[in-house]
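In the UniProt record's numbering, the protein residues as written are 1 to 281.
Even for Gly, the Cβ is constructed at its ideal location relative to N, Cα and C.
What follows is a short report on a single structure.
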Amino acid sequence: MHTSRFFHLPAMDSLPYGIIAVGQVKDDPKHRVTGNRYAEHIYNLHLAVRGRGWVHTATNKIPIGAMEGFVYSEHQIQRYEADAAEPWEVWWIYFKGEGIRALLHKQILGEEPWRIPVDSGRRILPLIEALWELAGQNDAANLPVVSSTLYRILLELLTHSAAPPSSGSARLEHRLQFTAEYMRSHCSQPLTLEQLAAHSGVSSAYFSRTFHAHFGMPPLDYLAQMRIELAKQMLIVTHKTIKQIAFEVGYGNPSYFIERFRGIVGMTPAIYREASLNPPV
(Lines of atoms letter the chains of each structure in order from A and count residues from 1; the text may use other names and numbers.)
(Lines give C-alpha, C1' and ligand atoms only; values in the text may rest on other atoms or scores of the structure.)
Protein backbone atom coordinates (compact mmCIF):
# COMPACT_ATOMS: atom_id res chain seq x y z
CA MET A 1 0.00 0.00 0.00
CA HIS A 2 1.33 3.42 -0.98
CA THR A 3 -0.11 6.62 0.51
CA SER A 4 1.07 10.21 0.20
CA ARG A 5 0.13 13.77 1.03
CA PHE A 6 1.52 16.85 -0.68
CA PHE A 7 2.05 20.28 0.80
CA HIS A 8 0.51 23.17 -1.13
CA LEU A 9 1.88 26.19 0.72
CA PRO A 10 3.17 28.78 -1.80
CA ALA A 11 4.80 30.88 0.95
CA MET A 12 7.14 27.95 1.66
CA ASP A 13 8.93 28.61 -1.64
CA SER A 14 10.53 31.71 -0.14
CA LEU A 15 12.11 29.74 2.73
CA PRO A 16 15.59 28.13 2.64
CA TYR A 17 14.01 24.69 2.93
CA GLY A 18 10.54 23.19 2.72
CA ILE A 19 8.52 19.98 2.46
CA ILE A 20 7.24 18.70 -0.87
CA ALA A 21 5.38 15.59 0.30
CA VAL A 22 5.20 12.92 2.99
CA GLY A 23 4.01 9.35 2.61
CA GLN A 24 4.16 5.70 3.61
CA VAL A 25 4.78 2.36 1.93
CA LYS A 26 3.79 -0.95 3.54
CA ASP A 27 2.79 -4.48 2.60
CA ASP A 28 4.60 -4.23 -0.72
CA PRO A 29 7.27 -6.93 -1.16
CA LYS A 30 7.96 -5.58 -4.67
CA HIS A 31 8.74 -2.05 -3.54
CA ARG A 32 11.89 -1.10 -5.44
CA VAL A 33 13.52 2.04 -6.82
CA THR A 34 16.38 1.70 -9.29
CA GLY A 35 18.18 4.57 -10.92
CA ASN A 36 16.11 7.59 -9.90
CA ARG A 37 18.01 10.84 -9.68
CA TYR A 38 16.55 14.13 -8.44
CA ALA A 39 17.18 17.68 -9.60
CA GLU A 40 19.22 20.21 -7.68
CA HIS A 41 18.14 20.94 -4.10
CA ILE A 42 15.73 17.96 -3.91
CA TYR A 43 16.16 15.35 -1.15
CA ASN A 44 14.52 12.05 -0.21
CA LEU A 45 14.43 10.57 3.30
CA HIS A 46 13.16 7.06 4.10
CA LEU A 47 12.70 5.64 7.60
CA ALA A 48 11.79 1.98 8.15
CA VAL A 49 9.32 1.44 10.99
CA ARG A 50 9.31 -2.35 10.80
CA GLY A 51 10.41 -5.08 8.45
CA ARG A 52 13.56 -4.58 6.45
CA GLY A 53 15.00 -3.65 3.10
CA TRP A 54 18.21 -2.86 1.28
CA VAL A 55 20.13 0.10 -0.06
CA HIS A 56 22.43 -0.67 -2.98
CA THR A 57 25.67 1.24 -3.49
CA ALA A 58 28.33 0.77 -6.14
CA THR A 59 30.06 -1.85 -4.00
CA ASN A 60 27.68 -2.92 -1.22
CA LYS A 61 24.19 -4.10 -0.40
CA ILE A 62 23.38 -2.41 2.92
CA PRO A 63 20.60 -3.84 5.13
CA ILE A 64 18.07 -1.39 6.58
CA GLY A 65 16.12 -2.59 9.61
CA ALA A 66 13.46 -1.15 11.91
CA MET A 67 14.10 2.47 12.93
CA GLU A 68 16.94 2.79 10.44
CA GLY A 69 16.80 4.90 7.34
CA PHE A 70 18.64 6.77 4.65
CA VAL A 71 18.74 10.10 2.84
CA TYR A 72 19.44 10.57 -0.85
CA SER A 73 20.56 14.02 -1.88
CA GLU A 74 20.47 15.88 -5.15
CA HIS A 75 22.05 14.09 -8.13
CA GLN A 76 22.67 10.80 -6.26
CA ILE A 77 21.49 7.68 -8.08
CA GLN A 78 18.87 6.02 -5.87
CA ARG A 79 18.76 2.24 -5.54
CA TYR A 80 16.77 0.66 -2.72
CA GLU A 81 14.20 -2.09 -2.24
CA ALA A 82 12.08 -3.91 0.32
CA ASP A 83 13.11 -7.36 1.48
CA ALA A 84 10.71 -9.72 -0.30
CA ALA A 85 10.41 -12.09 2.67
CA GLU A 86 9.99 -9.35 5.29
CA PRO A 87 9.03 -6.17 3.43
CA TRP A 88 9.58 -2.96 5.27
CA GLU A 89 7.01 -0.42 6.33
CA VAL A 90 8.60 2.93 5.60
CA TRP A 91 7.76 6.58 6.03
CA TRP A 92 9.26 8.92 3.46
CA ILE A 93 9.52 12.65 3.01
CA TYR A 94 10.59 14.62 -0.04
CA PHE A 95 12.01 18.01 0.82
CA LYS A 96 13.80 20.81 -0.99
CA GLY A 97 15.71 24.02 -0.52
CA GLU A 98 18.91 25.85 -1.29
CA GLY A 99 19.63 26.14 2.44
CA ILE A 100 19.87 22.37 3.00
CA ARG A 101 23.22 21.93 1.31
CA ALA A 102 24.75 24.64 3.51
CA LEU A 103 23.25 23.15 6.66
CA LEU A 104 24.11 19.49 6.10
CA HIS A 105 27.46 20.37 4.50
CA LYS A 106 29.59 17.91 2.54
CA GLN A 107 28.14 14.76 4.11
CA ILE A 108 25.25 14.82 1.63
CA LEU A 109 27.36 15.46 -1.45
CA GLY A 110 29.07 12.08 -1.83
CA GLU A 111 28.10 9.19 -4.03
CA GLU A 112 26.37 7.12 -1.34
CA PRO A 113 23.22 7.87 0.69
CA TRP A 114 23.41 9.13 4.22
CA ARG A 115 22.57 6.46 6.81
CA ILE A 116 20.17 7.17 9.69
CA PRO A 117 20.97 5.12 12.82
CA VAL A 118 18.37 3.60 15.14
CA ASP A 119 18.56 6.27 17.85
CA SER A 120 18.01 9.05 15.33
CA GLY A 121 15.24 7.06 13.66
CA ARG A 122 13.32 6.85 16.93
CA ARG A 123 13.55 10.60 17.38
CA ILE A 124 12.66 11.39 13.77
CA LEU A 125 9.59 9.11 13.55
CA PRO A 126 7.19 11.30 15.61
CA LEU A 127 8.31 14.33 13.61
CA ILE A 128 7.47 12.62 10.31
CA GLU A 129 4.10 11.54 11.72
CA ALA A 130 3.47 15.16 12.73
CA LEU A 131 4.23 16.28 9.17
CA TRP A 132 1.71 13.74 7.91
CA GLU A 133 -1.01 15.29 10.08
CA LEU A 134 -0.03 18.82 9.05
CA ALA A 135 -0.13 17.86 5.37
CA GLY A 136 -3.67 16.60 5.87
CA GLN A 137 -4.73 20.01 7.17
CA ASN A 138 -2.94 21.95 4.39
CA ASP A 139 -3.43 25.19 6.33
CA ALA A 140 -1.21 28.16 5.51
CA ALA A 141 -1.27 29.12 9.19
CA ASN A 142 0.72 25.94 9.90
CA LEU A 143 3.71 27.12 7.85
CA PRO A 144 5.86 28.02 10.89
CA VAL A 145 5.16 24.62 12.46
CA VAL A 146 5.88 22.75 9.21
CA SER A 147 9.17 24.59 8.75
CA SER A 148 10.29 24.10 12.35
CA THR A 149 9.41 20.38 12.22
CA LEU A 150 11.53 19.89 9.11
CA TYR A 151 14.33 21.86 10.75
CA ARG A 152 14.24 19.52 13.76
CA ILE A 153 14.64 16.55 11.41
CA LEU A 154 17.56 18.23 9.64
CA LEU A 155 19.13 19.10 12.97
CA GLU A 156 18.85 15.47 14.07
CA LEU A 157 20.61 14.39 10.89
CA LEU A 158 23.29 17.01 11.36
CA THR A 159 24.07 16.24 14.99
CA HIS A 160 23.64 12.47 15.18
CA SER A 161 23.83 10.95 11.70
CA ALA A 162 27.06 12.31 10.26
CA ALA A 163 30.69 12.94 11.09
CA PRO A 164 31.87 16.58 11.11
CA PRO A 165 34.33 17.87 8.51
CA SER A 166 37.93 16.97 9.30
CA SER A 167 40.00 20.14 8.77
CA GLY A 168 40.04 23.03 11.25
CA SER A 169 38.72 25.60 8.77
CA ALA A 170 35.99 23.23 7.59
CA ARG A 171 34.96 22.53 11.19
CA LEU A 172 34.69 26.26 11.90
CA GLU A 173 32.65 26.81 8.74
CA HIS A 174 30.44 23.90 9.77
CA ARG A 175 29.88 25.42 13.23
CA LEU A 176 29.08 28.82 11.73
CA GLN A 177 26.51 27.27 9.39
CA PHE A 178 25.06 25.31 12.27
CA THR A 179 24.80 28.44 14.43
CA ALA A 180 23.24 30.42 11.58
CA GLU A 181 20.55 27.77 11.20
CA TYR A 182 20.08 27.77 14.98
CA MET A 183 19.52 31.54 14.79
CA ARG A 184 17.02 31.06 11.98
CA SER A 185 15.09 28.44 13.95
CA HIS A 186 15.22 30.27 17.30
CA CYS A 187 15.09 33.87 16.12
CA SER A 188 11.98 34.58 18.19
CA GLN A 189 13.94 33.90 21.38
CA PRO A 190 16.08 36.51 23.21
CA LEU A 191 19.50 35.49 21.89
CA THR A 192 22.67 37.36 22.87
CA LEU A 193 26.03 37.52 21.14
CA GLU A 194 27.56 35.62 24.04
CA GLN A 195 25.02 32.79 23.71
CA LEU A 196 25.60 32.50 19.98
CA ALA A 197 29.37 32.45 20.43
CA ALA A 198 29.05 29.73 23.05
CA HIS A 199 26.88 27.78 20.63
CA SER A 200 29.76 27.91 18.14
CA GLY A 201 32.35 27.05 20.78
CA VAL A 202 34.46 30.21 20.33
CA SER A 203 34.89 33.59 22.04
CA SER A 204 32.41 36.40 21.36
CA ALA A 205 35.00 38.56 19.60
CA TYR A 206 36.23 35.73 17.37
CA PHE A 207 32.69 34.59 16.61
CA SER A 208 31.59 38.11 15.66
CA ARG A 209 34.61 38.61 13.40
CA THR A 210 34.45 35.24 11.62
CA PHE A 211 30.65 35.31 11.29
CA HIS A 212 30.84 38.75 9.68
CA ALA A 213 33.52 37.56 7.28
CA HIS A 214 31.53 34.44 6.35
CA PHE A 215 28.01 35.92 6.03
CA GLY A 216 28.79 39.54 5.17
CA MET A 217 27.10 41.04 8.23
CA PRO A 218 27.46 40.97 12.03
CA PRO A 219 25.66 38.15 13.88
CA LEU A 220 23.01 40.38 15.47
CA ASP A 221 22.22 41.99 12.11
CA TYR A 222 21.78 38.49 10.68
CA LEU A 223 19.49 37.66 13.60
CA ALA A 224 17.45 40.78 12.87
CA GLN A 225 17.14 39.69 9.23
CA MET A 226 15.82 36.30 10.34
CA ARG A 227 13.30 37.93 12.68
CA ILE A 228 12.04 40.23 9.96
CA GLU A 229 11.76 37.31 7.50
CA LEU A 230 9.66 35.43 10.05
CA ALA A 231 7.56 38.54 10.61
CA LYS A 232 6.96 38.87 6.85
CA GLN A 233 5.64 35.31 6.74
CA MET A 234 3.37 35.92 9.74
CA LEU A 235 2.03 39.13 8.23
CA ILE A 236 0.95 37.19 5.16
CA VAL A 237 -0.34 33.90 6.60
CA THR A 238 -1.84 35.02 9.94
CA HIS A 239 -4.33 37.64 11.12
CA LYS A 240 -2.26 38.58 14.16
CA THR A 241 -1.77 42.24 14.98
CA ILE A 242 1.55 43.92 14.35
CA LYS A 243 2.03 44.20 18.10
CA GLN A 244 1.48 40.45 18.53
CA ILE A 245 3.88 39.66 15.70
CA ALA A 246 6.51 41.99 17.17
CA PHE A 247 6.44 40.08 20.46
CA GLU A 248 6.43 36.67 18.76
CA VAL A 249 9.50 37.40 16.64
CA GLY A 250 11.55 38.60 19.59
CA TYR A 251 10.89 42.34 19.86
CA GLY A 252 9.57 43.53 23.22
CA ASN A 253 9.01 47.04 21.85
CA PRO A 254 6.60 47.18 18.87
CA SER A 255 7.84 50.65 17.88
CA TYR A 256 11.41 49.38 17.62
CA PHE A 257 10.13 46.39 15.61
CA ILE A 258 8.42 48.73 13.13
CA GLU A 259 11.61 50.78 12.86
CA ARG A 260 13.75 47.68 12.21
CA PHE A 261 11.21 46.30 9.73
CA ARG A 262 11.16 49.55 7.77
CA GLY A 263 14.95 49.73 7.79
CA ILE A 264 15.29 46.22 6.32
CA VAL A 265 12.22 45.94 4.07
CA GLY A 266 11.82 49.58 3.07
CA MET A 267 8.24 49.91 4.29
CA THR A 268 6.27 49.49 7.50
CA PRO A 269 4.74 46.12 8.46
CA ALA A 270 1.24 47.48 7.82
CA ILE A 271 2.10 48.63 4.30
CA TYR A 272 3.92 45.35 3.60
CA ARG A 273 0.87 43.32 4.68
CA GLU A 274 -1.47 45.42 2.55
CA ALA A 275 0.81 45.21 -0.50
CA SER A 276 1.25 41.44 -0.13
CA LEU A 277 -2.42 40.62 0.38
CA ASN A 278 -3.75 43.14 -2.15
CA PRO A 279 -1.15 43.48 -4.91
CA PRO A 280 -1.82 46.14 -7.57
CA VAL A 281 -3.59 44.85 -10.65
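Are there three or more Cβ pairs, one per stretch, closer than 8 Å when the segment 53-69 is compared with the segment 129-143? no
Taking the Cβ atom as the reference point for each residue, do residue 22 and residue 114 lie within a distance shorter than 9 Å? Numbered from its first residue, the sequence shown carries residue 22 at position 22. Numbered from its first residue, the sequence shown carries residue 114 at position 114. Contact flag unset, no.
For residue 71 and residue 25, I'd like the C-alpha separation in whole angstroms. By 1-based counting over the sequence shown, the position of residue 71 is 71. By 1-based counting over the sequence shown, the position of residue 25 is 25. Spanning the two alpha carbons is a distance of roughly 16 Å.
Quick check on DSSP: helix, strand or coil for residue 40? By 1-based counting over the sequence shown, the position of residue 40 is 40. Residue 40: coil per DSSP, three-state reduction.
Taking the alpha carbon of residue 50 as the point to measure from, which residue in 142, 193, 247 and 90 has its own alpha carbon closest? Counted from its first residue, the sequence shown places residue 50 at position 50. Looking at the Cα atoms, 90 is the closest of the given residues.
Residue 75: which of 36, 254, 212 and 229 sits nearest, CA to CA? Counting from 1 along the sequence shown, the entry for residue 75 is found at position 75. For the residues 36, 254, 212 and 229, the minimum Cα distance to residue 75 belongs to 36.
Which residues DSSP lists as bridging residue 4, in chain order: Taking the first residue of the sequence shown as 1, we reach residue 4 at position 4. BP columns for residue 4 point to 23.
Taking the alpha carbon of residue 6 as the reference point, which residue from 47, 38, 131 and 263 has its own alpha carbon closest? To locate residue 6, count along the sequence shown from 1; it is residue 6. Comparing Cα positions, the closest option is 131.
Residues near residue 276 in its chain [Cβ-Cβ closer than 6 Å; skip 5 each side]: For this step, residue 276 is matched to residue 276 along the sequence shown. Excluding residues within five positions, the ones whose Cβ falls inside 6 Å are 236.
Are the beta-carbon atoms belonging to residue 188 and residue 197 less than 9 Å from one another? If you number the sequence shown from 1, residue 188 lands on position 188. If you number the sequence shown from 1, residue 197 lands on position 197. Result no, Cβ atoms of residue 188 and residue 197 do not sit closer than 9 Å.
Any idea what DSSP makes of residue 46, helix, strand or coil? Counting from 1 along the sequence shown, the entry for residue 46 is found at position 46. Here residue 46 sits in strand by DSSP.
So, under 8 Å CB-CB, residue 94 and residue 42 are touching, yes? Tell me the CB distance rounded to an integer number of Å. By one-based count along the sequence shown, residue 94 stands at place 94. By one-based count along the sequence shown, residue 42 stands at place 42. 7 Å between Cβ atoms; contact.
Where the alpha helix (DSSP H) through residue 265 begins and ends: Taking the sequence shown and counting its residues from 1, the one referred to as residue 265 is at position 265. Element bounds for residue 265: 254-265.
Which residues in the same chain have their Cβ closer than 8 Å to the Cβ of residue 265, if we skip the five residues on either side of it in sequence? Position 265 of the sequence shown holds residue 265. Contacts found: 228, 232 and 272.
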